[in-house]
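Protein chains in written order, with my numbering: chain U, 150 to 592; chain H, 2 to 256.
What follows is the structure, encoded as structure tokens:
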């Protein structure tokens, strides 16, 4: 029906543009929220479908059975302003077919899909609209009409599609649900009898969950590197915060301190009814021996400092500088995460500046004799007369990336005593003519 | 009325009130140069205090801030002494270009012990500095700053006092805080024959301010010409500046 026809029938109609990308994004968020029912939750990957898949095997009893789970889910979605129809069946295909128009119980009995689907229209099998129209033309209107049709004929006429959908719905072929996010190996979950909203309640809930998670990790000899806290709110939305640590940690007090700054971001809205802590990244952490000297306390203090800096500034802003095997000055240093081991390499033995400019600054230099240091140069609008200079140090790119001409570095001292690292790129008499740069300052 | 004994008693009282007397600081790390250590009332660089290093003299033109090697190097030497003395890690906070690690290693500040922090904003610099000062596992914190107001400096001083962790403020901007010591550093021509190239790193170091010590008529506590001894990895006093005139014997030999 066109918009004009629809408005003629009902003048007060509210119109909204179709935005499939936004719909898909909403579905993804809903799928994440549904992970409070089961870790295996996903948005429908079929291009014509806008649905959610939940693999509730072994989860339904936590909510009082399948029907109770559906009531719970439907109620939450309605509260969030969404209308939905849902069904539970042995196979995803059967549940999809039963959900839109099934009469009676939304839960099909085990192995009941063959009888239940028989009277449903062909479109219930998740087929392309063109395929459905062709089947109608052949007189096949209900799913049950397909039961007696020979497979070979179906495959010859429609390819694998129709037979596969039928087999998936009836359970002759498996159709796994791949969750939107892989369920973490270590996680804890708590559902609250009453929705909570006060900051102190949230902090207490997180503290208790952290203790349980810490126990799980300790049993496996693991520590956390990344932790995610997800709060499921009553209006079918969720909020999550994540923290990282510089080295494996499982002490609840340490983690709680790192989380404390971000906990207000877990805006409870109308109330949080469930909460989950997931260890997104773990690393081995042997069991601790407590109570031996102050050494462990000190390194703990240091790790705590690095974690709190890293969570506030980003872990890429905290580093140690390690030597790297290269003669090129800018490649002789590599930043490492603070907890990483330092490579067993020595620092360069030649004189090196205390500050190296990330980008060498061009200078105008007067060097009357080729292959000798300049007698004068102009840098940042000041002229420096060179009084002393060391012999040149020639540094070339590694042969496998030889792109820039070699550089001759000079340590020079001007008449006021300031010391600089100048280099000449290129050789005299060559084309293009050599250029001078200032690359760093010495102590 | 104002007898010397009375004056010194009053001075001692002020020092006690300021909380920077020899018995009020949690300790000190000797700089390894007796002349410098003797000028400081604690026999070295006091722990649990703020120390400020600025660019002295004419070197502090606009734009020369972080590009001044002497002040950076002297701060690195101070931090290196603190880290080596305590055997603990140190923090270097800088928003711009990082100092060059091989150069720091040559100045006795081992990069293995050093954690670099690069905050995005100036306000975060002070936050990181304060967090660092509250962490007893650190030997010291160095921050490159441009502007520290009195309130912030006071907060930092209290944090340092509580933990005993010292801070070195490498100040690229106008000086003016409540640091316990303030040093002015500028490059000085290296000693030795110019024909032999650039000699040892040489700095003109001025102790501009030190709690518990008065200043002389030039507005400083003391001043030295200091050299960095690369072999011994330590500070030493430089020989008096050489006379630039060529010695007669050399002149004859050359002629």
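Glycine included, every Cβ here is placed at the ideal spot set by N, Cα and C.
Going along the chain, which residues of its own chain have a beta-carbon closer than 6 Å to the beta-carbon of residue i, five neighbours each way excluded?
i                      : result
residue 586 of chain U : 509, 511, 572
residue 564 of chain U : 534, 536
residue 472 of chain U : 494, 496
residue 332 of chain U : 188
residue 556 of chain U : 544, 572, 574
residue 427 of chain U : 333, 336, 377
residue 401 of chain U : 359, 360, 363
residue 212 of chain U : 218, 221
residue 215 of chain U : 209, 237, 256
residue 513 of chain U : 527
residue 237 of chain H : 228, 230
Compare the C-beta of residue i against all C-beta atoms of chain H and say whether one is closer than 9 Å.
i                      : result
residue 424 of chain U : no
residue 523 of chain U : no
residue 571 of chain U : no
residue 467 of chain U : yes
residue 503 of chain U : yes
residue 441 of chain U : In this prediction, residue 441 of chain U scores a pLDDT of 48, lower than 50, which makes its location untrustworthy; the coordinate-derived value is nonetheless stated afterwards. No, residue 441 of chain U lies away from the interface with chain H (no Cβ there is under 9 Å from its Cβ).
residue 562 of chain U : yes
residue 496 of chain U : yes
residue 413 of chain U : no
residue 482 of chain U : yes
residue 464 of chain U : no
Is any non-hydrogen atom of the ligand FAD found closer than 8 Å to the C-beta of residue i, if you look at the structure I gave you?
i                      : result
residue 333 of chain U : The ligand content of the structure shown is nil, which means the ligand FAD is not present either.
Could you please give me the residues that DSSP links to residue i through a beta bridge?
i                      : result
residue 339 of chain U : U/424
residue 160 of chain H : DSSP, once it has assigned bridges, lists no residue as partnering residue 160 of chain H.
residue 390 of chain U : U/378
residue 230 of chain H : H/235
residue 526 of chain U : U/514, U/533
residue 126 of chain H : Partner(s): none; residue 126 of chain H has no beta bridge.
residue 270 of chain U : U/291
residue 55 of chain H  : H/172, H/185
residue 419 of chain U : Residue 419 of chain U is not bridged to any residue.
residue 484 of chain U : U/470
residue 202 of chain H : Its beta-bridge partners do not exist; DSSP assigns none.
Short of 7 Å in beta carbon distance, which residues of its chain neighbour residue i, apart from the five on each side in sequence? Order them along the chain.
i                      : result
residue 244 of chain U : 236, 237, 238
residue 106 of chain H : 112
residue 74 of chain H  : 108, 202
residue 343 of chain U : none
residue 235 of chain H : 33
Would you say residue i reaches chain U, if we count a Cβ-Cβ gap shorter than 9 Å as a contact?
i                      : result
residue 115 of chain H : yes
residue 54 of chain H  : no
residue 124 of chain H : no
residue 207 of chain H : no
residue 108 of chain H : yes
residue 121 of chain H : yes
residue 237 of chain H : no
residue 77 of chain H  : yes
residue 98 of chain H  : yes
residue 225 of chain H : no
residue 81 of chain H  : no
residue 176 of chain H : no
Sorted by chain position, which residues of the same chain lie with C-beta nearer than 8 Å to residue i's C-beta, five sequence neighbours on each side aside?
i                      : result
residue 433 of chain U : 370, 371, 372, 397
residue 551 of chain U : 545
residue 314 of chain U : 242, 274, 275, 276
residue 157 of chain H : 51, 127, 130, 131, 134, 149, 168
residue 581 of chain U : 575
residue 199 of chain H : 191
Round the Cβ separation of residue i and residue j to the nearest angstrom and send it over; I've been treating them as touching at under 8 Å.
i                      : j                      : result
residue 339 of chain U : residue 414 of chain U : In fact, because the Cβ distance is near 19 Å, the residues do not count as touching under 8 Å.
residue 93 of chain H  : residue 46 of chain H  : With a Cβ gap of about 17 Å, residue 93 of chain H and residue 46 of chain H do not count as contacting.
residue 418 of chain U : residue 449 of chain U : Residue 418 of chain U to residue 449 of chain U, Cβ: 36 Å. No contact.
residue 484 of chain U : residue 470 of chain U : 6 Å
residue 303 of chain U : residue 292 of chain U : 13 Å between Cβ atoms; not a contact.
residue 171 of chain H : residue 72 of chain H  : 6 Å
residue 603 of chain U : residue 240 of chain U : No answer is possible for residue 603 of chain U: the residues shown for chain U start at 150 and end at 592.
residue 221 of chain H : residue 207 of chain H : 5 Å
residue 538 of chain U : residue 503 of chain U : With 8 Å as the limit, residue 538 of chain U and residue 503 of chain U do not qualify as a contact, their Cβ atoms being about 18 Å apart.
residue 217 of chain H : residue 507 of chain U : The Cβ separation is near 42 Å, so there is no contact.
- Do the stretch 123-135 of chain H and the stretch 100-108 of chain H touch if we need at least three Cβ pairs shorter than 8 Å? Below 8 Å, too few C-beta pairs join the stretch 123-135 of chain H and the stretch 100-108 of chain H to call them touching: fewer than three.
- Flag this pair as touching only if the stretch 137-147 of chain H and the stretch 525-542 of chain U have three or more C-beta atom pairs under 8 Å; answer yes or no. Of all C-beta pairs linking the stretch 137-147 of chain H to the stretch 525-542 of chain U, fewer than three are shorter than 8 Å, placing the two stretches out of contact.
- How about the stretch 406-420 of chain U and the stretch 381-397 of chain U: do they share at least three Cβ pairs that are nearer than 8 Å? A contact exists between the stretch 406-420 of chain U and the stretch 381-397 of chain U.
- Query: If we count Cβ pairs, one from each stretch, closer than 8 Å, do we get three or more for the stretch 47-55 of chain H versus the stretch 156-175 of chain H?
  - Reply: The stretch 47-55 of chain H, when compared against the stretch 156-175 of chain H, does touch it at the 8 Å Cβ threshold.
- Count the C-beta pairs between the stretch 462-478 of chain U and the stretch 112-122 of chain H that are closer than 8 Å, then say yes if the count reaches three, no if not. Inter-segment contact for the stretch 462-478 of chain U and the stretch 112-122 of chain H is present: three or more beta-carbon pairs are separated by less than 8 Å.
- Query: Three or more C-beta pairs closer than 8 Å, one from the stretch 306-322 of chain U and one from the stretch 181-196 of chain U: is that the case here?
  - Reply: No: fewer than three Cβ pairs fall under 8 Å.
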